[in-house]
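In the working numbering, each number is its position in the sequence shown, counted from 1, plus 33.
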Amino acid sequence: MNYRILLFPRVLSSVLMASSLAGCATIKQSDTSRTGIEQLLISSADDRALDKYDLRAISGAKVFVDTQYLDCVDKNYILVALHERLLANHCTLVAKQEDSDVVMEVGSGGVGTDHHELFFGFPGVALPPPAMVAIPKIALFERDKSMGTAKIVLVAYDTKTRVAVINAGYSLARSDHKFWQVLGVGGQESGSVQKELVAATSETPSAAETAEMLAQKPGTLSR
């Protein structure tokens, strides 16, 4: 008698029962070391944090930006984004502190991303020998949420008197990107980063975004 043949149905039954439990999996696909969404999450959070500062108090001044206290991921973007805002306020960027009217120090208290994935369904399972097949992953519901966080602090003071000109404390901001699907159908994206992409690239908004826009429009649902 071939005991393998008798054992196989029992093994298959046990595996199927185990696979009926909810499981989770993380899939990251990118042609670069970091995904485009991950980079946008950070830069968008940086922009939101910087936008909270009112730079009109130093409008037209010669500004030296001291970068020695800035140590975080994508710090070059923060610096260029800060330069852009200073120039928009008619400031002149100088390379030496002695040539400036105002010294601006910039630092970070936390710049990075967080990722949360929720999955209900049947995780893929490879059957033990002698079976040469695997039970595929069946997702009943999947939700993927990523967040970018930026905590930035700016301090500006008069070069000669060292009296504070801008001392509003730190600025904390977040960006997010969400993806969900039900029974493998849907693939809907939403969140602040997706809204920026739609606005900048004229991409067609997802069903989730369309529903959100309709809900925010007064009187739309009552018609």
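Here a beta-carbon is modelled for each residue, glycine too, at the ideal position from N, C-alpha and C. Treat the numbers as computed from the prediction; the structure is a model and nothing was measured.
Going by DSSP, Y190 is part of no alpha helix (DSSP H) but of the beta strand (DSSP E) stretching over 171 to 191. In the DSSP assignment, M137 forms a beta bridge with V98, A189. C-alpha of P161 to C-alpha of A167: approximately 9 Å in a straight line. In the structure shown, V231 adopts helical secondary structure according to DSSP, grouped into three states. Bounds of the alpha helix (DSSP H) holding S77 are 69 to 84. The C-beta separation of G220 from K211 comes to about 12 Å, leaving the pair out of contact by the 8 Å criterion. Excluding its 5 nearest sequence neighbours in each direction, D107 has C-beta neighbours in its own chain below 8 Å: Q72, I75, S76, D79, V144, listed in chain order. By the Cβ test, the stretch 227 to 235 is not in contact with the stretch 178 to 190, since fewer than three Cβ pairs between them sit closer than 8 Å. Here the alpha carbon of P169 sits roughly 5 Å from the alpha carbon of G157.
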